[in-house]
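Using the numbering used here, the first residue of the sequence shown is number -14, and each one after it goes up by one.
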Amino acid sequence: MRNLRIGGIILLMLLAINQGLFAKEGDELIGKPAPEWGTLEWMNSQPLQLNELAGKVVLIRWWTETCPFCSRSAPALNEFHDTFKDKDLVVIGMYHPKPPGPRRQKALEKAVKRLGFEFPIALDMDWRTLRGYWLAKGRHRWTSVSFLIDKRGKIRYIHPGGEYYKREDETRTEAERDYHELKVMIEKLLAEPSQSKVKPLD
-14 MRNLRIGGII LLMLLAINQG LFAKEGDELI GKPAPEWGTL EWMNSQPLQL
36 NELAGKVVLI RWWTETCPFC SRSAPALNEF HDTFKDKDLV VIGMYHPKPP
86 GPRRQKALEK AVKRLGFEFP IALDMDWRTL RGYWLAKGRH RWTSVSFLID
136 KRGKIRYIHP GGEYYKREDE TRTEAERDYH ELKVMIEKLL AEPSQSKVKP
186 LD
């Protein structure tokens, strides 16, 4: 009987360790309301506020012109914008200079053109929005994070940083898996009813 108890304890410990190993960075934020981002300067758009986008799915990606991971993720962002912009997806590029500081207007305009961004670009010059969403929530390795927010304003998916992209061959790197995972999640959230169509719980 004692051996069974010890075996059970060991099994529970192994399960706990396994869950910790496979927990994705940022999972603790899933299902929580996405923060508002305050007053920001914008490019490619009139100023936007998250509460004005209720009923739409919002994909936010923090990026900067010197980030190679951001450059390699740019085609995926452009694809998502082109494919789903008429289906209630709003892609927002949150620009955050490294290090935080004054806007380098010419460099920023050049980067937006080079990367082909036609979706709204918000300027998070002092990283205040990045801290509110991500950096103040724990120890995180990356600043090039992506948040996918559902039609009710809840965080439903986080890509904790780095890159995601699509390739045509059969090889599947982590970045390619992340691309497909994000695209599937976008399609799932777009298929969900908007808040006005959700029946109240009894």
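Cβ atoms here follow ideal geometry from the backbone N, Cα and C, with glycine treated the same way.
Local Cβ density within 10 Å of Glu209, reported as buried at 16 or more and exposed below that: For residue 209 there is no data in the structure shown, the boundaries of the chain being -14 and 187.
Where the alpha helix (DSSP H) through Met110 begins and ends: From DSSP, Met110 is part of no alpha helix (DSSP H); its letter is neither H nor E.
Coarse secondary structure for Phe65, derived from DSSP in three states: helix
Three-way DSSP call (helix, strand, coil) for Arg46 in this model: strand
Arg46, buried or exposed, once every other Cβ within 10 Å from all chains shown has been counted against 16: buried
DSSP-derived helix/strand/coil call for Glu103: coil
CA-to-CA distance, Lys72 to Glu153, given in whole angstroms: 25 Å
Residues near Glu94 in its chain [Cβ-Cβ closer than 6 Å; skip 5 each side]: none
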